[in-house]
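Inspection log for the structure reproduced underneath, given as structure tokens.
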Amino acid sequence: MVFIHKFLSTAFGIGYIGKGAGTYAAIATCICWHLLQGPYSNPYLWPVLCTMFIVMIGIMSADRVEEIWGKDHQRVVIDEVAGMCIALLFVPLKWQYTLIGLVLFRFFDILKPFYIRKLEELPGGWGVMADDILAGIYANIILQLVVVFDFF
1 MVFIHKFLST AFGIGYIGKG AGTYAAIATC ICWHLLQGPY SNPYLWPVLC
51 TMFIVMIGIM SADRVEEIWG KDHQRVVIDE VAGMCIALLF VPLKWQYTLI
101 GLVLFRFFDI LKPFYIRKLE ELPGGWGVMA DDILAGIYAN IILQLVVVFD
151 FF
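Those letters in the sequence shown? Residues 1 to 152, per the UniProt record's numbering, in order.
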């Protein structure tokens with residue numbers, strides 16, 4: 001069972017890349033986001049359900065691997081996957097919006113302003129996931145403004 005948690009928490013092994021693994025995980029999420037949505041798929045239902053599933057699995061897996069690797073280990077990148085999904089929720093499926101979302105999410109995730117860093121203090125998998133969830137929310141809010149005011 002530990003193997004499964006390692007596999008999931010590293011986003012299918014992306015976390016083993018080393019330096020920059022979080023960015024690679026976010027980029028992979030953007031690519032999957034586009035490839036898994038078709039012209040006939042519901043643009044709201046599956047993204048919301050998948051994002052909720054990733055968050056739940058992320059909390060459980062991050063909690064489990066913390067016992068082995070320690071607090072918020074750099075290999076754990078499922079939090080970046082979840083945060084990137086949140087950043088893209090309810091945003092039209094256009095590559096320019098996805099790229100803006102990626103930049104915004106990584107900005108908030110790396111700099112951790114506006115109480116994001118404080119959430120890392122939560123225990124276990126919650127602390128691993130919560131900061132990226134809030135970074136994704138902040139990125140989504142700004143991205144929604146970009147869409148509404150038609151900047152691109």
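We put the beta carbon where it would ideally sit given N, CA and C, even for glycine.
Requested in this report: Note down the Cα distance separating Ala135 from Leu89, rounded to an integer number of angstroms.
Outcome: Taking the sequence shown and counting its residues from 1, the one referred to as residue 135 is at position 135. Taking the sequence shown and counting its residues from 1, the one referred to as residue 89 is at position 89. Pairing Ala135 with Leu89, the inter-Cα distance amounts to about 13 Å.
Query - Short Cβ contact (8 Å threshold) for Ala82 with Gly101 - result: Here residue 82 is taken as the residue at index 82 of the sequence shown, counted from 1. Here residue 101 is taken as the residue at index 101 of the sequence shown, counted from 1. Not in contact: Ala82 and Gly101 (Cβ atoms no closer than 8 Å).
Report task. Kindly indicate the opening and closing residues of the alpha helix (DSSP H) around His5. Result -> For this step, residue 5 is matched to residue 5 along the sequence shown. From DSSP, the alpha helix (DSSP H) with His5 extends over Val2 to Ser9.
Query raised in the report: Ordered along the chain, which non-local residues of its own chain (more than five positions away) have a Cβ less than 7 Å from that of Leu143?
Result: As a working mapping, residue 143 is identified with position 143 in the sequence shown. So the list reads Ala87, Val91, Tyr97, Ile100, Gly101 and Leu104, once near-sequence residues are dropped.
Requested in this report: Sort Val2, Leu93, Tyr24 and Met84 by Cα distance to Tyr40 and report the nearest one.
Outcome: Working through the sequence shown from its first residue, we reach residue 40 at position 40. Comparing Cα-Cα distances from Tyr40 to each of Val2, Leu93, Tyr24 and Met84, the minimum goes to Leu93.
**Report entry** First through last residue of the alpha helix (DSSP H) which encompasses Leu36
**Finding:** Within the sequence shown, residue 36 is the residue found at index 36, counting from 1. Bounds of any alpha helix (DSSP H) do not take in Leu36, whose DSSP letter is neither H nor E.
Requested in this report: For my contact list, Asp131 and Gly22 are in at a C-beta cut-off of 8 Å; report their separation, rounded to the angstrom.
Outcome: Position 131 of the sequence shown, counting from 1, holds the residue named residue 131. Position 22 of the sequence shown, counting from 1, holds the residue named residue 22. Actually they are not in contact, since the Cβ atoms of Asp131 and Gly22 sit about 12 Å apart, beyond 8 Å.
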